[in-house]
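Chains as they are written, first to last, in my numbering: chain A, 8 to 565; chain B, 10 to 125; chain C, 9 to 221.
What follows is a short report on a single structure.
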Amino acid sequence: MMTDPRDASSAGGPPPRPDPTAAVEPDYLRAEPGLRSWLTTTDHKRIAIMFLIATTLALMLGGTFALLLRTKLLIPGPGFIEPVTYNRFFTLHGVIMVFMFMVPVIPAVFGNFVLPMMVGAKDLAFPRVNLASFYVYVTGAGFTLWGMVHGGADTGWTFYAPYSTISPTDVAPIAIGVFILGVSSIMTGLNFIATTHMLRRRGLRWHGMPIFVWTMYATSIIQVLATPVLGLSVSLVALDHALHMGIFDPALGGDPVLFEHLFWFYSHPAVYIMILPAMGVIAEIVPTFARKHQFSYNALAYSSLGIAFVGFLTWGHHLFVAGISQFDAAIFGVMSMFVAIFSAIKVFTWIGTLYRGSITFNTPMLYFFAFVYLFAFGGMTGIAVATTSLDVHWHDTYFVIAHFHFIMIGGTLTAFLGAIHYWFPKMFGKMYPERWGLVSAGLVFAGFNLTFVPQFLLGNAGMPRRYYSYPIKYHILNVASSLGAYLLGSALLLTLIYLLVSLRWGKRAPANPWGSRGFEWRTPSPPPVHNFVAPFDPAKGPYDYDQPPPDEVPPVST
Amino acid sequence: MSLHPPPEHEHAEHTPGAAGYLLVWLALVVLATVTLFASRAVTGGWGLMVAFAIASAKAALVVAFFMHLAGGRPIHRIAFSVAMAFLVLLVIGVLADVGTRSVASSYVDEAGLPVE
Amino acid sequence: MSAAATSRVHVQYDSLERQHDTARLGMWVFLGSESLLFAGLFALYAAYRFAYPVEFHAASAHANLVIGTINTYILLTSSLTMALAIHATRRGRRRETVAFLAATIAFGLGFDVLKIVEYAGHLAEGLAPGDYYAFTALPAHGVVLYVTLYYLLTGLHALHVTGGVCVLVWLALRAQRGDFTPQSHIALELGGLYWHLVDLVWIFLWPLLYLIR
Chain A
8 MMTDPRDASS AGGPPPRPDP TAAVEPDYLR AEPGLRSWLT TTDHKRIAIM
58 FLIATTLALM LGGTFALLLR TKLLIPGPGF IEPVTYNRFF TLHGVIMVFM
108 FMVPVIPAVF GNFVLPMMVG AKDLAFPRVN LASFYVYVTG AGFTLWGMVH
158 GGADTGWTFY APYSTISPTD VAPIAIGVFI LGVSSIMTGL NFIATTHMLR
208 RRGLRWHGMP IFVWTMYATS IIQVLATPVL GLSVSLVALD HALHMGIFDP
258 ALGGDPVLFE HLFWFYSHPA VYIMILPAMG VIAEIVPTFA RKHQFSYNAL
308 AYSSLGIAFV GFLTWGHHLF VAGISQFDAA IFGVMSMFVA IFSAIKVFTW
358 IGTLYRGSIT FNTPMLYFFA FVYLFAFGGM TGIAVATTSL DVHWHDTYFV
408 IAHFHFIMIG GTLTAFLGAI HYWFPKMFGK MYPERWGLVS AGLVFAGFNL
458 TFVPQFLLGN AGMPRRYYSY PIKYHILNVA SSLGAYLLGS ALLLTLIYLL
508 VSLRWGKRAP ANPWGSRGFE WRTPSPPPVH NFVAPFDPAK GPYDYDQPPP
558 DEVPPVST
Chain B
10 MSLHPPPEHE HAEHTPGAAG YLLVWLALVV LATVTLFASR AVTGGWGLMV
60 AFAIASAKAA LVVAFFMHLA GGRPIHRIAF SVAMAFLVLL VIGVLADVGT
110 RSVASSYVDE AGLPVE
Chain C
9 MSAAATSRVH VQYDSLERQH DTARLGMWVF LGSESLLFAG LFALYAAYRF
59 AYPVEFHAAS AHANLVIGTI NTYILLTSSL TMALAIHATR RGRRRETVAF
109 LAATIAFGLG FDVLKIVEYA GHLAEGLAPG DYYAFTALPA HGVVLYVTLY
159 YLLTGLHALH VTGGVCVLVW LALRAQRGDF TPQSHIALEL GGLYWHLVDL
209 VWIFLWPLLY LIR
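Shown next, in the form of structure tokens:
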């Protein structure tokens, strides 16, 4: 029931056929043991694992701050932390979650691991740039954490001027950390663009690529073109804070709204940096467990590019009440609606793929269902807040908090969890315990809803975001939200534990435990250093479920 | 795009050659000098337009010939053009706000006069 | 041939040509990314110039047009010598390559030196950014935005010039060592592309900062 019947034999005992390749090349995990060879590796798979460790640590740190915030909000009035500490905590929660977890996680971990395999390459185009991107990430994270230990910032992750330029807290190191993390993100994007264009296996056309590659490509465009503007805007804040350049200072004639323009030129598309890779993951999971070809390949592929491009035209909807002109607000409001069209195309396509499919309900699929529900809900509330008149009521309330957590946690985090379960056998050569997976997926979904549905209600009732205290009438919903956060945190911890346990004690994974047609499943688990034993045949597409699984046919030799 | 790129010597054929480079440089110097004089002759909004048009022409020369974009692969042209498009988009998006703020954010009566 | 050792085909490529083409694409994407770094400052410039046309005009009159113009010609010419250096490599003339690279480096350093002279002059007058503005001839409001943007734009550009010079020095040393052959000199090409971008940015900075009428 858990896996396809055809694979049931291979999941338990020894693999059905002797692996003829094991002697040729050791797998990437065992190829060159030792910490030193890991830290200096240029193998995209090892770099992906290092990013997985780093981003998981970031998630735990950011999550800890979230739980501390929710603990404070259990009771109105003074709590176990001071108001200024509370401000620092929500700033660090935002900065860590956005720049150290959400933005890099799926591209740098799963993109790094499977994208070269999905295009049939032996590595990314620029392996040394890839390794450098990891160390740049570590450096940026180091700056941010140093700033955190050194006193932290109380500006929120958005660093809005003019407050961020005069805040008594230590804004500069955190802003510089964000800049450096951005450089890492650009390096990843650049690598993926070059790889997708130049390293596709002979015979693999654009329209033969897995959808995940399309979404990574679209993501990379945003990373490469928007991140520099973020770098510039946070640098200006850091300069202003340290040296009083006054570029946004109204006393000198400056306009703080311009900071918001620059910041959201990146940070709105950054939402698509977070959600497009998630959509790519979903697009791989659905056909595998529905045993069906994508309902519409072209719609999925081009809507990814559509989201990337239209995503650049919507940044102004964050500024509706900041004092931008009604003309600009109207344009940005309308453009924001267009993103919904492309997103809806994707959701309908996945539903269409499910229709009359042979669906297997295992953990990645459960996360897909969570994703669709949460993403659709989050997306529709996004349309609501992109309406200029409604935004006046909801702006800077918990409604907005709940909205973007539905997209970021409900979308990206569930897709991340789906991806880690889906590709876990490929990455580590071990199976995770399906029963625990299903339980924790259910708990994540329940915990998430308990945390954030009350926040929609709180926001609609008028509770502003970032406030240390609240009137007693908001008490019950806040308690519910906090309890949900504990449940969500526990579920994530449970997931981490059983995944770590199965690293060592998990059942050995066959090359293709899901019976997927995807290219990355046509190689042993874990893959050899150069990914493939023999080149795969791109004519047998990644979604050709009317054909027998490609690993049951001998690989073609060219 | 083709999976089989042209060999290096074909790539080299697209370069302008030493004489070509000198010619491009000469054009750049002339255009720079024109900019200098035009800034004296044409003032105000038109001055900005003229200066910007000449600068764009100079940039096009550098990109096309010194950077070999004219003879390079189409994907290089696409990559750089997309970046330029988003550069322009950012400037336009900001100007569309700043440029229309005073007009649209005040209510206008029947006579077209702003109402406080 | 020593070049064979330094620019061998990496495992993921089927030919050196493809590897070089990929590096070129990577460089163009990087240059696009770099342009967007300047785009934010250009957007600020556009917004503030729209808001303070008179102040920008008045402040720009105090820019050092002579040095700005000389630097324009210097950078245009350095782009020529850079292109000629690559051309010389293609024809297999190593000494010519090194000479043209040395000329490009000299122009880059000359640009930086003139820029420092220009900054020093402005700072002595009190034309300093932000809170440090102490220029008595013009009131600060609005004018200081031009001055701050002038420093931010030219400062960011000068950083790129300096970085470019460092890259050029490394390339010149490699050229001297004989690393580049007519068939294989991708590092030189990429360095050249970067240097031309520096020129491109200045082509726009010069009229925007020095020639406001």
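Cβ coordinates follow ideal geometry from the N, Cα and C atoms, glycine included.
Per DSSP, residue i forms a beta bridge with which residues?
| i | result |
| --- | --- |
| Asp34 of chain A | A:Pro535 |
| Pro471 of chain A | A:Thr404 |
| Arg515 of chain A | A:Lys437 |
Assign residue i to one of three DSSP states: helix, strand, or coil.
| i | result |
| --- | --- |
| Thr28 of chain A | With a pLDDT of only 46 at Thr28 of chain A, under the threshold of 50, the placement of this residue in the model should not be trusted, and no figure is reported. |
| Lys52 of chain A | helix |
| Lys480 of chain A | helix |
| Lys437 of chain A | strand |
| Thr394 of chain A | coil |
| Gln184 of chain C | helix |
| Arg110 of chain B | helix |
| Ile254 of chain A | coil |
| Lys79 of chain A | helix |
| Asn79 of chain C | helix |
| Glu89 of chain A | coil |
| Trp521 of chain A | coil |
| Ala67 of chain C | helix |
| Pro366 of chain A | Pro is not the amino acid found at residue 366 of chain A; the sequence shown has Ile there. Here Ile366 of chain A sits in coil by DSSP. |
| Gln462 of chain A | helix |
| Ser41 of chain C | helix |
| Glu39 of chain A | coil |
Which residues in the same chain have their Cβ closer than 7 angstroms to the Cβ of residue i, if we skip the five residues on either side of it in sequence?
| i | result |
| --- | --- |
| Pro371 of chain A | Ile292, Phe296, Gly425, His428 and Tyr429 |
| Tyr100 of chain C | With the sequence shown as reference, residue 100 of chain C is identified as Gly, and Tyr is not the correct amino acid for it. So the list reads Pro190, once near-sequence residues are dropped. |
| Val317 of chain A | Met342, Phe345, Val346 and Phe349 |
| Leu312 of chain A | Ala225 |
| Ala11 of chain C | Only weak support is given to the placement of Ala11 of chain C: the predicted model assigns it a pLDDT of 43, under 50, and the value that follows is read from those uncertain coordinates. Taken in chain order, the residues that qualify are Asp187, Phe188, Thr189 and Ser192. |
| Ala201 of chain A | Ala132 and Phe133 |
| Leu457 of chain A | Ala487, Leu490, Gly491 and Leu494 |
Tell me which residues share the same chain as residue i and place their Cβ nearer than 6 angstroms to its Cβ, disregarding the 5 neighbours each side in the sequence.
| i | result |
| --- | --- |
| Val105 of chain A | Trp164 |
| Lys129 of chain A | His537 and Asn538 |
| Thr367 of chain A | Phe296 |
| Phe96 of chain A | Phe72, Leu75 and Leu76 |
By Cβ distance, which residues of its chain are closer than 8 angstroms to residue i, with the 5 residues on each side in sequence left out?
| i | result |
| --- | --- |
| Thr62 of chain A | Met107, Phe108, Pro111, Val112, Ala115 and Val116 |
| Thr77 of chain C | Trp214 and Tyr218 |
| Asp398 of chain A | His324, Phe327, Val328 and Val392 |
| Gly84 of chain A | Ser476 |
For my contact list, residue i and residue j are in at a C-beta cut-off of 8 angstroms; report their separation, rounded to the angstrom.
| i | j | result |
| --- | --- | --- |
| Phe166 of chain A | Ala182 of chain A | 6 angstroms |
| Asn119 of chain A | Asn94 of chain A | Asn119 of chain A to Asn94 of chain A, Cβ: 35 angstroms. No contact. |
| Ile54 of chain A | Thr48 of chain A | 7 angstroms |
| Val103 of chain B | His268 of chain A | 5 angstroms |
| Val220 of chain A | Thr203 of chain A | 6 angstroms |
| Ala233 of chain A | Tyr273 of chain A | 4 angstroms |
| Ile211 of chain C | Ala64 of chain B | 5 angstroms |
| Ile314 of chain A | Tyr279 of chain A | 6 angstroms |
Practice problem: Give the residues from the stretch 92-106 of chain C that approach chain A closer than 8 angstroms (Cβ to any Cβ), ordered along the chain. | Solution: none
Quiz item: Between the stretch 30-56 of chain C and chain A, which residues of the former have CB atoms less than 9 angstroms from a CB of the latter, in chain order?
Solution: Thr30, Ala31, Leu33, Gly34, Val37, Phe38, Gly40, Ser41, Glu42, Ser43, Leu44, Leu45, Phe46, Ala47, Gly48, Leu49, Ala51, Leu52, Ala55 and Tyr56
Quiz prompt | Interface positions of the stretch 63-78 of chain B facing chain A (Cβ-Cβ less than 7 angstroms), listed along the chain | solution = none
Self-check item: Residues of the stretch 303-325 of chain A with Cβ closer than 8 angstroms to any Cβ of chain B, in chain order
Solution: Phe319, Leu320, Trp322 and Gly323
Quiz item: Which residues, in chain order, does the stretch 196-218 of chain C contribute to contact with chain B at a C-beta distance below 7 angstroms?
Solution: Leu201, His204, Asp207, Leu208, Ile211, Phe212 and Pro215
Exercise. May I ask you to list, following chain order, the residues of the stretch 86-97 of chain B that have a beta carbon less than 8 angstroms from some beta carbon of chain A?
Key: Ala88, Val91, Ala92 and Phe95
Quiz item: What residues in the stretch 228-245 of chain A bring their beta carbon closer than 8 angstroms to a beta carbon of chain C?
Solution: Val231, Leu232, Ala233, Thr234, Pro235, Val236, Gly238, Leu239, Ser240 and Leu243
Quiz item: Using a beta-carbon distance cut-off of less than 8 angstroms, what residues from the stretch 263-297 of chain A approach chain C?
Solution: Leu265, His268, Leu269 and Phe272
Self-check item: Under 8 angstroms (Cβ pairs) to chain B, residues found in the stretch 66-87 of chain C
Solution: Thr77, Thr80, Tyr81, Leu84, Thr85 and Ser87
Quiz item: Using Cβ-Cβ distances below 7 angstroms, what residues of the stretch 542-559 of chain A are close to chain B?
Solution: none
Self-check item: Within 9 angstroms of chain B by C-beta, residues of the stretch 334-347 of chain A in sequence order
Solution: Phe334, Asp335, Ala336, Ala337, Ile338 and Phe339
Exercise. Compile a chain-ordered list of the residues in the stretch 177-208 of chain A whose CB is closer than 7 angstroms to at least one CB of chain B.
Key: His204
Self-check item: Residues from the stretch 154-167 of chain C in contact with chain A, defined by Cβ distance under 9 angstroms
Solution: Thr156, Leu157, Tyr159, Leu160 and Leu164
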